[in-house]
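See structure below.
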Amino acid sequence: ARGSGIDTITLSEDGTGAFTGTTSKAAVNGVATFNDISYPVAHTINVTASATGLTSTSAFAVSVTAGAVSYLKVTAASGTVTAGGSLELAVTAYDSNNNVATGYTGNKSLTFSGLANAPDGTAPTAEAVNFGTAATIAFTNGASNANAATLIAYKAEVASLDVTDGTVNSTGNIAYDLDLTVNAAAAS
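If you use the numbering used here, the sequence shown corresponds to residues 154 to 341, in order.
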């Protein structure tokens, strides 16, 4: 930010988050450099520089993008499924500020865990791949594609379903996994 005869310049924003870092800096020869500011919410904000004696304070638009993926979260339309039935899972990648990590795109090798094998040994599956073995799940802009992660559970139980890509996972917080109830199938 630049101003003539200005001692201190302050930045402000109109978004839903708040700047972190130093938002007021001393001006040297009318120039203040803001090099330690971050903003936690990914969207476009309008930034304004202000100072006593500053004649023009036009806002300028800044696009804040999500950071690198920090964790995965697995969800479903329901937390209940019948043994042998299917349930569509949704996996979403988030950055450390809880923004969807839109750069997490393409085919990802995800390993699901948390559900037990049925008494006859049949393993739960995601996309027809046994839990504990990586399944290929397609992502667009940080979210798994529709119908890209179909779960079939075979043992009646209450469990927490987790997912990992080998680097990031859903195990860091109980809010990131899917609490799932698998009900027994009707006797045949």
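For each residue, glycine too, the CB sits at the ideal point set by N, CA and C.
Taking C-beta separations shorter than 8 Å and ignoring five residues to either side along the sequence, the partners of N300 in its chain run E241, following chain order.
Annotation: the continuous beta strand (DSSP E) that includes T245 extends over S239 to Y247. A180 and S211 have their C-alpha atoms some 18 Å from each other.
Under the rule that a run must span 3 or more residues, the beta strand (DSSP E) segments found entirely inside the stretch 293-322 read 303-305 and 310-317.
Residues of the same chain with a CB within less than 6 Å of the CB of A171, apart from the 5 flanking positions on each side, do not exist. The continuous beta strand (DSSP E) containing L263 extends over residues G259 to S266. For the 8 Å CB-CB criterion, S313 and G285 do not form a contact. Partner residues in a beta bridge of A269, as assigned by DSSP, do not exist.
Nearest in C-alpha terms to G319, of all of E310, T235, T334 and V222, is V222. If you compare the alpha carbons of P193, G274 and T264 with that of E280, the shortest gap goes to T264. Between A236 and N336 the beta-carbon gap is near 7 Å, inside 8 Å, which marks them as a contact. Shown here, F213 sits in a strand according to DSSP, grouped into three states. Nearest C-alpha to V253 among H196, A306 and A340: H196. At the C-beta level, T303 and G232 stay beyond 8 Å of one another. Counting along the chain, the unbroken beta strand (DSSP E) around A179 starts and ends at S177 to A179. Contact check for T163 against T173 fails: the beta carbons are separated by 8 Å or more.
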